[in-house]
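J.: Note that the protein sequences, when read in sequence, are chains A and B. Quick note on the numbering used here: the first sequence kicks off at 63 and runs consecutively. Quick note on the numbering used here: the second sequence kicks off at 895 and runs consecutively. Beta carbons are placed, not taken as given, at the ideal position from N, Cα and C, and that holds for glycine. All values derive from a computational prediction rather than experimental measurement.
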Amino acid sequence: DSGVTQTPKHLITATGQRVTLRCSPRSGDLSVYWYQQSLDQGLQFLIQYYNGEERAKGNILERFSAQQFPDLHSELNLSSLELGDSALYFCASSSETIGTDTQYFGPGTRLTVL
Amino acid sequence: AQSVTQLDSQVPVFEEAPVELRCNYSSSVSVYLFWYVQYPNQGLQLLLKYLSGSTLVKGINGFEAEFNKSQTSFHLRKPSVHISDTAEYFCAVISPEGGADGLTFGKGTHLIIQP
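#1: Taking the straight line between their C-alpha atoms, what separation do you get for Phe-984 (chain B) and Pro-973 (chain B)?
#2: Beta carbons nearer than 9 Å to chain A: which residues of the stretch 921-944 of chain B have them?
#3: Can you tell me the Cα-Cα spacing of Thr-966 (chain B) and Trp-929 (chain B), whole angstroms?
#4: Quick check: Ala-128 (chain A) and Leu-143 (chain A), are their CB atoms within less than 8 Å of each other?
#5: Report the option in A:Tyr-112, A:Tyr-97, A:Gly-104, A:Val-66 whose CA atom is closest to the CA atom of Val-898 (chain B).
#6: Which residues in the same chain as Gly-114 (chain A) place their Cβ atom closer than 8 Å to its Cβ, once the five residues preceding and following it in sequence are excluded?
#7: Going by CA-CA distance only, name the one from B:Glu-982, B:Pro-912, B:Asp-902, B:Val-931 that's closest to Asn-918 (chain B).
#8: His-1004 (chain B) and Gln-939 (chain B): beta carbons closer than 8 Å?
#9: Of all Cβ atoms in chain B, is any one closer than 8 Å to the Cβ of Glu-95 (chain A)?
#10: For Ile-1007 (chain B), does the three-state DSSP call read helix, strand or coil?
#11: When burial is assigned at 16 or more other CB atoms within 10 Å of the CB, is Ser-964 (chain B) buried or exposed?
#12: Tell me which residues share the same chain as Pro-906 (chain B) and place their Cβ nearer than 7 Å to its Cβ, disregarding the 5 neighbours each side in the sequence.
#13: To be precise: take each residue of the stretch 97-126 of chain A, compare its Cβ to all Cβ atoms of chain B, and keep it if any distance is under 9 Å. Which residues remain?
#14: Just checking my contact of Ser-155 (chain A) with Tyr-166 (chain A) at CB under 8 Å: how many whole Å lie between their CB atoms?
#15: For Gly-170 (chain A), name the three-state secondary structure that DSSP assigns.
#16: Which chain A residues are close to Lys-1001 (chain B), counting only those with a beta carbon under 8 Å from its beta carbon?
#17: Determine whether the Cβ of Phe-840 (chain B) lies closer than 8 Å to any Cβ atom of chain A.
#18: Taking the C-alpha atoms as reference points, what is the distance between Pro-70 (chain A) and Ser-141 (chain A)?
#19: Going along chain B, which residues have a C-beta under 7 Å from Pro-169 (chain A)?
#20: Going by beta carbon distance, what residues of the same chain come within less than 7 Å of Leu-92 (chain A), once the five residues before and after it are set aside?
#21: Out of A:Tyr-97, A:Leu-145, A:Val-94, A:Leu-150, state which residue places its alpha-carbon closest to the alpha-carbon of Gly-78 (chain A).
Here is the structure:
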């Protein structure tokens, strides 16, 4: 158990809909990362937040957004969903925001868009 | 920008045999290197990481990896595998400049242990 929690575990929705994925980092960790794992693209970094502020953006679509709240939990919002958004979405957390920090991954949320 | 190539998508090996999972990276700057393991229906777990110093890094579950700067490689090895090592293994890099850009992962290698 990494200490990172993600809800829900599974999500099934239809094209055009909007969903919110939630992540609670390990106790004391200030940095949260979101990754997408799909069969064709592999594991891709989406976005990072540190202590409530956006720090880095990866291959995140404009239809996707995220935020980190004062209690440090984070939410990833996916809108106007398409079939190709079906994937496993991971959240990871680390204590700081430097490359030496280990990122601890949650169990993931599996999103299925029908 | 960095990239990671895992040369084998699948590696079958017999139980108690040695294994090597290959990883090569490309980067215009120095990087830190990681190996993560993903067991079925689970998240990723860190096996080991190379930041600096000794090029041979030991990790959990008997795994080790060797950083080779001239060959830009970071191959993962285990002298004797067990059925429980069946999993997907990911090599990843990150720039020392910070967490910016997150980890860049390879496509993964599926290690299949045959009894």
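T.: Put simply:
#1: Taking the second sequence and counting its residues from 1, one reaches residue 984 (chain B) at position 90. Taking the second sequence and counting its residues from 1, one reaches residue 973 (chain B) at position 79. Distance between the alpha carbons of Phe-984 (chain B) and Pro-973 (chain B): 19 Å.
#2: Val-925, Tyr-926, Phe-928, Tyr-930, Gln-932, Asn-935, Gln-936, Gly-937, Leu-938, Gln-939, Leu-940, Lys-943
#3: In the second sequence, the residue the question calls residue 966 (chain B) occupies position 72. In the second sequence, the residue the question calls residue 929 (chain B) occupies position 35. Taking the straight line joining both Cα atoms gives about 15 Å.
#4: As a working mapping, residue 128 (chain A) is identified with position 66 in the first sequence. As a working mapping, residue 143 (chain A) is identified with position 81 in the first sequence. Their beta carbons are not under 8 Å apart, which means Ala-128 (chain A) does not touch Leu-143 (chain A) by this criterion.
#5: The residue labelled residue 898 (chain B) in the question sits at position 4 within the second sequence. Closest by alpha carbon: A:Gly-104.
#6: Counted from its first residue, the first sequence places residue 114 (chain A) at position 52. Gln-130, Phe-131, Pro-132, Leu-134, listed in sequence order.
#7: Residue numbering aside, residue 918 (chain B) sits at position 24 when the second sequence is read from its first letter. For the residues B:Glu-982, B:Pro-912, B:Asp-902, B:Val-931, the minimum Cα distance to Asn-918 (chain B) belongs to B:Asp-902.
#8: In the second sequence, residue 1004 (chain B) corresponds to position 110, counting from 1. In the second sequence, residue 939 (chain B) corresponds to position 45, counting from 1. Cβ distance not < 8 Å, so His-1004 (chain B) and Gln-939 (chain B) don't count as in contact.
#9: Here residue 95 (chain A) corresponds to residue number 33 of the first sequence, with the count starting at 1. For the record, residue 95 (chain A) in the displayed sequence is Tyr; it is not Glu. Yes, Tyr-95 (chain A) counts as interfacial toward chain B.
#10: One-based indexing of the second sequence puts residue 1007 (chain B) at position 113. Strand at Ile-1007 (chain B).
#11: Here residue 964 (chain B) corresponds to residue number 70 of the second sequence, with the count starting at 1. Under this definition Ser-964 (chain B) is an exposed residue.
#12: For this step, residue 906 (chain B) is matched to residue 12 along the second sequence. Contacts found: Ile-1006, Gln-1008.
#13: Tyr-97, Gln-99, Gly-104, Leu-105, Gln-106, Phe-107, Leu-108, Ile-109, Gln-110, Tyr-112, Arg-117, Ala-118, Lys-119, Gly-120
#14: Your numbering for residue 155 (chain A) matches position 93 in the first sequence. Your numbering for residue 166 (chain A) matches position 104 in the first sequence. Contact holds; Cβ gap of about 6 Å.
#15: Along the first sequence, read from residue 1 onward, the residue named residue 170 (chain A) stands at position 108. Gly-170 (chain A): coil per DSSP, three-state reduction.
#16: Within the second sequence, residue 1001 (chain B) is the residue found at index 107, counting from 1. Ordered by position in chain A, the residues that pass the 8 Å Cβ test against Lys-1001 (chain B) are Gly-104.
#17: With chain B covering only 895 through 1009, there is no way to say anything about residue 840 (chain B).
#18: Here residue 70 (chain A) refers to the residue found at position 8 when the first sequence is read from its first residue. Here residue 141 (chain A) refers to the residue found at position 79 when the first sequence is read from its first residue. Each residue's Cα considered, the two are about 17 Å apart.
#19: Taking the first residue of the first sequence as 1, we reach residue 169 (chain A) at position 107. Chain B residues near Pro-169 (chain A): Gln-936, Gly-937.
#20: Translated into positions along the first sequence, residue 92 (chain A) becomes position 30. Answer for Leu-92 (chain A): Tyr-112, Asn-113, Leu-134, Ser-157, Glu-158, listed in chain order.
#21: Here residue 78 (chain A) corresponds to residue number 16 of the first sequence, with the count starting at 1. Among A:Tyr-97, A:Leu-145, A:Val-94, A:Leu-150, the Cα nearest to that of Gly-78 (chain A) is on A:Leu-145.
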